[in-house]
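First residue of the sequence shown? That's 124 in the numbering used here, and the numbers climb one at a time after it.
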Amino acid sequence: MRARGARIAAYAVLAVLGGAVAVAGSLVQAGWFPLGLLLALGGSVALFHGGARLTGTRVGAAAPAAGWTLVVLLLTASRPEGDFLFGTGTGTYFFLLGGMLAAVICATVTPSGQFPPAGTTGPADLVKGR
């Protein structure tokens, strides 16, 4: 039961981190175009894949992806004053669509429970039974 609670807490932390990466990425991608866009997408991919590796499940990639997507969609909405965070440009669309595509890829490609056990260095160790 403890492991289940720890895993749920990890998912919650990953979702919050996904939101933080979304805010940081939305500011960086427009400020330092085109390298900022690559940095923002790289950070998103690292979080999604890292969450899957940390938990060993596909939900580990989906939890930060859900937090990322929720925050990005909230940031794209315009306010009554007419202000909005995202401008209209190709970099913005690459960030939005690229981040969502990366989330889907990381959540589907990551094999559930197929990570090598801790302490192994590669496939040769698994074959030898180390």
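All C-beta atoms, glycine included, are put in the ideal place defined by N, C-alpha and C.
- The straight-line gap separating the alpha-carbon atoms of Ala163 and Gly210 is approximately 16 Å.
- Sequence-distant Cβ neighbours of Leu160 in its own chain, meaning closer than 7 Å and more than five residues away, are Gln152, Gly214, Phe217 and Phe218.
- Rounded to the nearest whole angstrom, the C-alpha separation of Leu158 and Ala129 is 36 Å.
- Burial check for Ala226: the Cβ neighbour count within 10 Å reaches 16 or more, so the residue is buried.
- If you draw a straight line from the Cα of Val232 to the Cα of Ser201, it is about 34 Å long.
- Taking Gly142 as reference, the option from Gly166, Trp155, Arg125 and Ile131 with the minimal CA-CA separation is Gly166.
- Gly190 and Val146 do not touch by the CB rule: their CB atoms are close to 10 Å apart, not below 8 Å.
- Thr178 is classed as buried because its beta carbon has at least 16 other beta carbons within 10 Å across all chains shown.
- Nearest to Arg176 by alpha-carbon distance, out of Leu137, Leu197, Gly148 and Ala126, is Leu137.
- Of Ala126, Ala135 and Gly154, the smallest CA-CA separation from Gly212 is found for Gly154.
- Rounded to the nearest whole angstrom, the C-alpha separation of Leu224 and Val168 is 10 Å.
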